[in-house]
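Here's the structure we're looking at; comments come further down.
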């Protein structure tokens, strides 16, 4: 089954385009994890394994897809990569889809090594294959080709950075007329046109910040069959308002990511009446799903 | 000592701007390493440790700086990251400078995690700090700021992708007028202007392919105090001709990277009279140094 078919079937099954990011900040984990992590690198990595298994257990009934952020695992070196591998495999075992947010991009033979690493199970199954990977397109089409080839072989997806969620994204992405982001969007649409699933959506997606609803309609027009990843919901200021242009009439076409607003929910004053970090986290996920209800996909 | 002072002092001491990339392709290692690597992931990672220690021993007398390519280690998962950490630490112990080629770039808090991972020793010394890191600037100035801050704190360097060595680099990098690459170059020069060492060179460098000598003079003008990393020498088609505009009159200002032309030299027909892979590799390094002799820095 192609990635877009798997993605949107799962989104329909869970009834929400909500995605949760795993961005573990070691000094902002719920207890007892925070204190355990303080004891050193191997303990911190072991703590991340336990924490993410518990987190994934509570997320699995509610969302279709999770997005681990590689950087927060890489800070623990090899032990962190083991914790990342564990989270990916555990999520897959729970039936969750995994978009690895690693924003890789390099020249041909090196891109091939990154694609092998994250979409095809690594060298001799050294690392669990994600269902999709974020890609930085700066190096150009020939540099992206090995990722396209690997995604074709492994029936996985790619999400290319087009217009990111950070306040200063326009610094280079708005350069020129049409803008760089528009030019990248057109290329992503073009590369993706021949890579659609049964549902008509492409295996090649694009990142457009949920923080910029005013641009969503325009990017949707430039990329009519491209799944959009909308990061920055919640903590970064993105709300549910104005996301409609990203979605088709049947509610398919986009996923909305929140990381910090879910991961830090256990600290929220207004949720302290709930007895555990799990209960508070679950409450924040349910809030997000409710906020995104207007965009919930109708079942096929 | 600031990064540019360390870099060019080392280049003067070794008498060459040559840099060697560590891009280990497991199926093209010299014997006995290739056969050892075939036995599985942990054996492959252990083989890379042994191979890189031997390689670094032979490189250390000849060059100032090496450039491990993270992708080729990442394909082995956590075991590969351990092999990368070993190569970085071993190179540092030999007095070599290390530019980690990982082309990272993300939004603020995630860039901070990447900078901690690779420039500041990771979380609680989880990973040996490199002397410099390659950065993909696509996400803009605010996204690059955590890397600048980390480089300031740790007196390390950054090399921003400006115009890469791949044939299709112009796909997005030539977009607009001025081009995206020119706009990025101007920003890198601007960010770097306040970050110069005693020798007048900045801690912020830029990547401009050695495969495009016709553009070097122009980028040098746009970035007068920016160390240039010129990748693509040798295998990718870059030669010594036309690199002069990258260098100042005293021979400082640039480093020239070769990876495959050095790493695969052991296979060369014309070097089979030499008795070992080490001898053939060393011969290729000496050839490169001879080719770059016109740009050898005079001692201070």
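Chains as they are written, first to last, in the working numbering: chain A, 13 to 312; chain B, 13 to 312.
No residue lacks a Cβ here, since even glycine has one placed at the ideal position from N, Cα and C.
- The continuous beta strand (DSSP E) containing residue 113 (chain B) extends over residues 109–116.
- Contact holds between the stretch 255–267 of chain A and the stretch 228–238 of chain A, because three or more Cβ pairs, one in each stretch, are under 8 Å apart.
- Secondary structure note for residue 243 (chain B): its beta strand (DSSP E) is the uninterrupted segment 240–243.
- Using a Cβ distance threshold of 7 Å, residue 148 (chain B) and residue 173 (chain B) count as a contacting pair.
- DSSP places residue 172 (chain A) inside the beta strand (DSSP E), whose first and last residues are 169–175.
- Take residue 59 (chain B), set aside five residues on each side of it, and the residues of its chain with a beta-carbon closer than 6 Å to its own are 45, 48, 49, in chain order.
- At a Cβ-Cβ threshold of 7 Å, residue 166 (chain A) and residue 132 (chain A) count as neighbours.
- The beta-carbon separation of residue 77 (chain A) and residue 22 (chain A), rounded to 7 Å, stays under the 8 Å limit for a contact.
- At least one beta carbon of chain A lies nearer than 7 Å to the beta carbon of residue 183 (chain B).
- A straight line joining the alpha-carbon of residue 300 (chain B) with that of residue 178 (chain B) spans about 20 Å.
- When secondary structure is reduced to three states using DSSP, residue 79 (chain B) falls in the strand class.
- If you check the CB distance, residue 112 (chain A) and residue 80 (chain A) come in under 7 Å.
- Under the three-pair Cβ rule at 8 Å, the stretch 274–291 of chain A does not count as touching the stretch 29–41 of chain B.
- Shown here, residue 214 (chain A) sits in a strand according to DSSP, grouped into three states.
- Rounded to whole angstroms, the separation of the alpha carbons of residue 182 (chain B) and residue 188 (chain B) is 11 Å.
- By the neighbour-count criterion, in which 16 or more other beta carbons inside 10 Å mark a residue as buried, residue 298 (chain B) falls on the exposed side.
- By the Cβ criterion, the stretch 110–127 of chain B is not in contact with the stretch 88–106 of chain A, since fewer than three pairs of Cβ atoms, one from each stretch, lie closer than 8 Å.
- Here the alpha carbons of residue 88 (chain B) and residue 267 (chain B) stand approximately 29 Å from one another.
- Its chain contains 112, 142, 145 as the residues whose beta carbon lies nearer than 6 Å to that of residue 130 (chain A), once the 5 sequence neighbours on both sides are disregarded; these appear in chain order.
- Taking CB atoms only, residue 198 (chain B) has no neighbour in chain A less than 7 Å away.
- Around the beta carbon of residue 98 (chain A), 16 or more other beta carbons sit within 10 angstroms, so the residue counts as buried.
- By the Cβ-count criterion, residue 124 (chain B) is buried, with 16 or more other Cβ atoms from all chains shown falling within 10 Å of its own Cβ.
- A residue is called buried once 16 or more other Cβ atoms fall within 10 Å of its Cβ, and residue 92 (chain B) is buried on that count.
- If you draw a straight line from the Cα of residue 207 (chain B) to the Cα of residue 304 (chain A), it is about 46 Å long.
- Here residue 185 (chain B) is not near residue 223 (chain B), since their CB atoms are 7 Å or more apart.
- Rounded to the nearest whole angstrom, the CA to CA distance from residue 75 (chain A) to residue 306 (chain A) is 16 Å.
- Looking at A:65, A:122, A:54, the one whose alpha-carbon comes closest to that of residue 86 (chain B) is A:122.
- Linking residue 90 (chain A) to residue 290 (chain B) through their CA atoms gives a straight-line distance of about 29 Å.
- The residues 289, in chain order, have a CB closer than 8 Å to that of residue 43 (chain A) in the same chain once the five nearest residues on each side in sequence are set aside.
- Under the three-state reduction of DSSP output, residue 188 (chain A) falls in the coil class, being neither helix nor strand.
- In the DSSP annotation of this structure, the continuous segment of the alpha helix (DSSP H) that includes residue 95 (chain B) starts and ends at 89–105.
- With fewer than 16 other Cβ atoms from the protein chains shown falling within 10 Å of its own Cβ, residue 251 (chain B) counts as exposed.
- Around the beta-carbon of residue 190 (chain B), fewer than 16 other beta-carbon atoms lie within 10 Å, marking it exposed.
- In its chain, beyond the 5 residues on either side, 199 have a beta carbon closer than 7 Å to the beta carbon of residue 153 (chain B).
- Pairing residue 53 (chain A) with residue 138 (chain B) gives a Cβ-Cβ distance under 7 Å.
- Among the residues facing chain A, residue 178 (chain B) is included, as its CB has a counterpart in that chain under 7 Å away.
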